[in-house]
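Heads up, the thing below is written out as structure tokens.
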Amino acid sequence: MATESDPESEVFEITDFTTASEWERFVSKVEEVLNDWKLIGNSAGNLSPEKGEYTRGTWGEKSQDISFADFKFFITHFFLKREHEKDDVKLEEDTFPLAMQDLLCMNNDFPPRAHCLVRWYGMQEFVVITPGTNCEAIISESKCNLLLSSISISLANSGCQVPMFVQIQQKWRRMYAGECQGPGVRTDFEMVHLKKVPSQYNHLSGLLDIFKSKMGCNLSPLPPVNIAIRFTYILQDWQQYSWPQQPPDFDTLLGGEVGGVEFGKLPFGACEEPISELHLATTWPHLTEGIVVDNEVYSDLDPLQAPHWSVRVRTAENLHCLLGDLLTDFLKLCRRKESTEEILGKLIEDEGKENSDISSALSKLTEPAATVPISKLSVSNMVHSARKHIRRRRRNDESPLNTDILNSVLMYLFPDAAVERSSENRKNKAAKANCSEKSEQDKNSDYNLYLQLKSAPSDSLTYRLALCVCLANYNHGGLRAVAHLWQEFVLELRYRWENNYLIYGLTGGPPDLRCCLLHQKLQMLNCCIERKRARDEARKVLEGNRERERRVSGGCQNSSPLPESPMVTTTASTLTREVSPGKSWDSWSDSEDEFFECLSDQGEVEAPHTEGEKDGSKSKAEGRLHPFNNMTLLNSTDLLYVPVTQEPAPMTEDLLEEHSEVLAKLGTSAEGTHLRARMQSACLLSDMESFKSANPGCVLEDFVRWYSPRDYIEEEVIDENGDTVVKGNLSPRMKIPGNMWVEAWETARAIPARRQRRLFDDTKEAEKVLHYLAVQKPADLTLHLLPCILHSAILKLKEEESIEDIPSVKKSIQQATSQASKLLQPHNYDYKKLEDFINQLMTMEMVITQARSLKAKFAVSEDEKGGDTDELEKFVSSLLDEPEVVVVGAGQGSAGSIIHRLFVSAQRAALLSPLDEDLGNDKKPTGGSNKVPDFPSPAGREILLRSCVPRPAPYSKALPQRLFCVLMREEFRLAGAFSSDTSFF
């Protein structure tokens with residue numbers, strides 16, 4: 001007993017019974033989510049689903065995390081997106097919830113590609129509570145009942161009429177239990193799942209017994225039961241279809257490779273059957289209990305008599321397609337870091353052992369006792385002779401590329417190198433071929449695709465090289481084969497440079513900056529060869545003229561405008577020799593005293609000599625082309641002539657960037673600005689010198705009148721005598737102090753173009769290009785050629801799609817082209833995006849291959865062609881675009897007859913039975929004692945039972961009842977929805 005002196009004894013323990021438990025918090029959280037999603041109230045005002053809307057429509061979902069104590073759940077709302085809602089529908093108080101109405105709706109039975117609950121219960125809106133990702137399945141019966149009671153209380157408290165389910169048992173079993181509540185009504189969703197089908201329920205009669213017993217209706221007679229039946233047959237054996245790829249021909253060069261193609265063409269298609277299965281669904285949509293008989297003794301359900309057929313195809317998983325695999329393997333080369341020397345290994349060592357041949361070739365140049373005239377010796381010829389010996393020795397040994405394959409590749413890349421063609425034809429073949437091919441390709445809209453992708457024209461050497469490298473990597477040795485091919489390619493380019501052979505497959509002129517860098521480099525080398533050939537040909541013409549003049553004058557005087565040949569010293573010898581007149585100048589390009597032989601000098605116009613010129617008061621004009629618009633010089637009456645000038649030096653994009661960086665690094669100081677101007681005026685100075693040589697006595701104003709007419713301003717003025725005359729002056733920018741034009745004019749000498757130092761040193765630039773190509777690693781080469789190979793892949797897809805005519809693929813190709821133009825523009829490629837892009841191309845290849853396979857399977861023979869052809873083509877094209885395609889006419893239509901024939905053929909092959917002579921006339925039902933059945937046993941049977949009966953008492957409201965049955969070889973599932981009147985219970 002507490003006393004007044006002990007205050008602590010007055011403290012009492014208080015228990016707060018108002019604190020919410022974990023279960024109450026969970027129920028409250030569910031109600032809160034339903035309220036946030038606005039699922040409170042009657043949902044019967046929505047539109048009833050139209051026929052096929054579950055398949056055509058779009059399904060949406062919203063998800064949120066909730067917890068029961070420390071157990072995580074996902075609550076997800078699935079719903080069919082509707083474009084129109086009934087806003088003006090007047091709802092009665094006792095209207096059934098929308099889910100109950102959907103139980104009896106027959107417009108969307110057996111919808112493909114929908115949530116399993118949609119297929120089993122036909123609902124267009126529902127909520128599902130599932131365990132979290134890392135949470136264990138709800139197997140305990142007490143926990144299942146706790147969750148069911150939770151959602152029942154949540155639905156009752158919130159007034160939500162959307163059905164709610166809870167996933168129970170293991171996830172793979174797809175077991176759900178749920179409930180739907182309305183005003184005075186409730187629907188319980190129950191499910192049974194077994195691995196084996198009980199024998200007494202393996203037919204329609206036994207399932208009807210289950211349905212009737214579960215309804216528990218005591219009325220007599222019972223209301224009619226509506227029945228919908230669907231049998232699914234699977235076809236896996238395609239007996240009437242040929243191989244997806246032709247078998248390899250072992251007698252050909254590419255024998256042994258399935259899908260192997262000749263160089264210049266990309267492989268396409270799959271090596272295995274792209275369509276793995278065909279599923280035929282035969283449906284009896286509206287039946288009643290007395291119409292059809294299906295029991296353990298007899299069945300009326302003949303698939304040929306089914307009023308509705310639908311087909312879906314199942315594609316092969318992880319299908320390997322040739323084009324996609326080729327592109328994937330090619331992209332992998334980009335990540336390799338090995339150099340050509342590291343890859344070839346032994347081959348390079350063999351080449352090192354043969355270096356004595358090159359040394360001996362150089363030593364022959366230094367032997368003073370050589371019997372061959374010095375004019376006939378050539379470093380390039382001797383080096384090439386040694387290289388040919390090395391190449392011959394190498395090919396006899398084991399090489400990454402077979403000799404025949406290598407020769408085939410080189411002949412494809414350089415078809416002008418055929419043995420039977422003369423050397424002159426070889427020199428002129430490239431230019432002629434380029435002109436003719438370009439005119440033909442310009443007519444093709446796909447030809448200019450390279451401009452979008454920054455690759456190369458489809459008739460160019462670069463494009464063909466990309467195809468060969470890709471095929472060599474895919475079929476003929478991988479990385480080592482690529483390195484070997486690239487080394488031989490560079491050797492061939494050097495041979496052509498040394499022997500003045502134009503490179504086949506490249507247009508003339510400067511590099512096209514719209515193409516990839518490798519194509520620009522090859523064009524630069526070809527440009528060097530053109531300049532070198534032009535210089536040598538002009539040299540020969542001038543030497544011929546010189547020889548004729550010597551003969552006329554008796555060899556006593558030399559009237560050639562060329563200076564005497566300079567004396568040069570070779571690096572290969574300590575002896576000094578005089579260069580012979582017939583010697584090509586490419587070996588002496590590094591000399592500071594070298595002059596430029598201009599091809600246009602052959603057509604120079606010799607100006608008439610004036611009296612002053614005869615007296616020697618004026619220098620002789622040189623390097624004239626033709627008069628310029630009949631103008632005369634300002635300080636004399638002589639005509640103003642257009643001079644022969646040097647062409648500006650061509651440049652590739654990397655050289656332009658390098659040049660720009662050099663100019664930018666000069667800064668903004670006065671000295672840097674002056675030096676920058678001097679570097680940029682090299683071509684201007686050359687043109688001024690040519691102009692002075694062609695127009696003796698000219699002034700800067702004459703040059704400006706020809707070179708930049710806008711900078712020479714003419715005005716009409718009145719002279720001292722009152723006459724109107726035209727007077728010209730330089731523009732204000734030309735009169736700025738320190739003007740570069742004025743400075744260049746003062747320093748320019750009267751030198752014709754052929755005597756000037758070359759603006760473009762073709763020998764130096766060619767060697768730079770050859771060195772750049774020689775040091776490229778296979779990975780670098782792959783990056784250079786990647787735009788070309790993607791360009792080729794897109795063209796291949798376009799070509800194959802045009803044969804099959806698939807609109808979805810055509811649209812995807814257009815999108816891929818636009819995407820590729822963005823991926824290939826940066827210098828640093830994003831490998832992850834490139835892999836995704838190649839996967840897109842592979843997907844398009846698979847679709848085309850699948851369409852081709854289906855067309856072959858549903859091909860119509862010549863005697864069957866007619867009005868049904870268009871229907872068949874439409875049917876085949878729909879198989880890949882739609883989840884399930886209706887067969888018009890069911891088993892009696894054109895497509896149905898072909899499907900029937902395919903099943904019959906597969907059945908005969910499976911049971912080793914001979915084929916009938918005329919399968920088309922065999923329309924008897926299956927099951928004959930002496931005949932093989934036309935169809936196998938159904939892989940799956942789905943039976944849907946519906947009725948509307950009062951439950952639980954005879955005086956209750958008539959409410960919808962539904963039972964969906966799935967009977968498969970290793971699965972038996974019953975999904976029931978049974979409604980009850982709760983008004984008096």
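All residue numbers for the sequence shown refer to full-length UniProt numbering, where the first residue is 1 and numbers rise by one. Just so you know, even glycine gets a beta-carbon here, dropped at the ideal spot from N, CA and C.
Closest residue to residue i among the options (Cα-Cα distance)
{"i": "residue 179", "options": "129, 134, 138 and 136", "result": "129"}
{"i": "residue 970", "options": "193, 56, 126 and 263", "result": "193"}
{"i": "residue 470", "options": "543, 533, 331 and 410", "result": "331"}
{"i": "residue 303", "options": "964, 946 and 936", "result": "936"}
{"i": "residue 751", "options": "274, 827 and 623", "result": "623"}
{"i": "residue 53", "options": "76, 63 and 111", "result": "111"}
{"i": "residue 871", "options": "884, 893, 30 and 188", "result": "893"}
{"i": "residue 938", "options": "126, 480 and 280", "result": "280"}
{"i": "residue 786", "options": "744, 831 and 767", "result": "831"}
{"i": "residue 932", "options": "944, 905 and 957", "result": "905"}
{"i": "residue 275", "options": "308, 236 and 315", "result": "315"}
Distance, residue j Cα to residue i Cα
{"i": "residue 791", "j": "residue 518", "result": "15 angstroms"}
{"i": "residue 840", "j": "residue 816", "result": "8 angstroms"}
{"i": "residue 339", "j": "residue 475", "result": "21 angstroms"}
{"i": "residue 310", "j": "residue 213", "result": "33 angstroms"}
{"i": "residue 645", "j": "residue 835", "result": "50 angstroms"}
{"i": "residue 986", "j": "residue 522", "result": "With the chain running from 1 to 985 in the structure shown, residue 986 is simply not present."}
{"i": "residue 486", "j": "residue 533", "result": "26 angstroms"}
{"i": "residue 390", "j": "residue 683", "result": "Only weak support exists for where residue 390 lies, its pLDDT of 40 falling under 50; the coordinates are left without a value."}
{"i": "residue 117", "j": "residue 882", "result": "21 angstroms"}
{"i": "residue 630", "j": "residue 725", "result": "19 angstroms"}
{"i": "residue 965", "j": "residue 208", "result": "10 angstroms"}
{"i": "residue 461", "j": "residue 845", "result": "26 angstroms"}
{"i": "residue 510", "j": "residue 749", "result": "28 angstroms"}
{"i": "residue 627", "j": "residue 703", "result": "13 angstroms"}
{"i": "residue 76", "j": "residue 62", "result": "5 angstroms"}
{"i": "residue 944", "j": "residue 903", "result": "26 angstroms"}
Identity of the residues DSSP links to residue i by a beta bridge
{"i": "residue 536", "result": "For residue 536, which the question treats as bridged, DSSP gives no partner whatsoever."}
{"i": "residue 228", "result": "944"}
{"i": "residue 64", "result": "75"}
{"i": "residue 160", "result": "41"}
{"i": "residue 310", "result": "281 and 886"}
{"i": "residue 950", "result": "958"}
{"i": "residue 632", "result": "639"}
Three-state secondary structure assigned by DSSP to residue i
{"i": "residue 475", "result": "helix"}
{"i": "residue 783", "result": "helix"}
{"i": "residue 541", "result": "helix"}
{"i": "residue 850", "result": "helix"}
{"i": "residue 624", "result": "strand"}
{"i": "residue 487", "result": "helix"}
{"i": "residue 527", "result": "helix"}
{"i": "residue 283", "result": "strand"}
{"i": "residue 966", "result": "strand"}
{"i": "residue 650", "result": "coil"}
{"i": "residue 297", "result": "coil"}
{"i": "residue 193", "result": "strand"}
{"i": "residue 131", "result": "strand"}
{"i": "residue 858", "result": "coil"}
{"i": "residue 864", "result": "Confidence is the limiting factor: at residue 864 the pLDDT is only 48, short of 50, which leaves the residue's position unreliable and the question unanswerable from this model."}
{"i": "residue 1018", "result": "Outside the modelled stretch of the chain, which goes from 1 to 985, sits residue 1018, for which no answer is possible."}
Validate contact between the region 840-855 and the region 267-274 using beta carbons, cut 8 angstroms, 3 pairs: Two segments are said to touch when three or more pairs of C-beta atoms, one from each, lie closer than 8 angstroms; by this definition the region 840-855 touches the region 267-274.
Three-pair Cβ contact test at 8 angstroms for the region 103-123 versus the region 223-235: Counting Cβ pairs under 8 angstroms, three or more are found: they touch.
The region 758-765 contacting the region 319-329, beta-carbon criterion three pairs below 8 angstroms: The answer is no - the region 319-329 does not touch the region 758-765, with fewer than three Cβ pairs under 8 angstroms.
At least 3 beta-carbon pairs within less than 8 angstroms: the region 534-542 vs the region 775-790: The region 534-542 makes no contact with the region 775-790: fewer than 3 CB pairs, one atom from each, lie closer than 8 angstroms.
Any 3 or more C-beta pairs closer than 8 angstroms across the region 942-951 and the region 201-221: The region 942-951 makes contact with the region 201-221: 3 or more CB pairs, one atom from each, lie closer than 8 angstroms.
Touch test, the region 152-165 against the region 24-35, Cβ-Cβ under 8 angstroms, three pairs minimum: As far as the Cβ criterion goes, the region 152-165 touches the region 24-35, which means the pair count is three or higher.
The region 786-804 touching the region 491-504, judged by at least three CB pairs closer than 8 angstroms: No: fewer than three Cβ pairs fall under 8 angstroms.
contact_flag[the region 820-829, the region 447-454] where n(CB pairs < 8 angstroms) is 3 or more: With a cut-off of 8 angstroms on Cβ pairs, the region 820-829 is in contact with the region 447-454, counting three or more such pairs.
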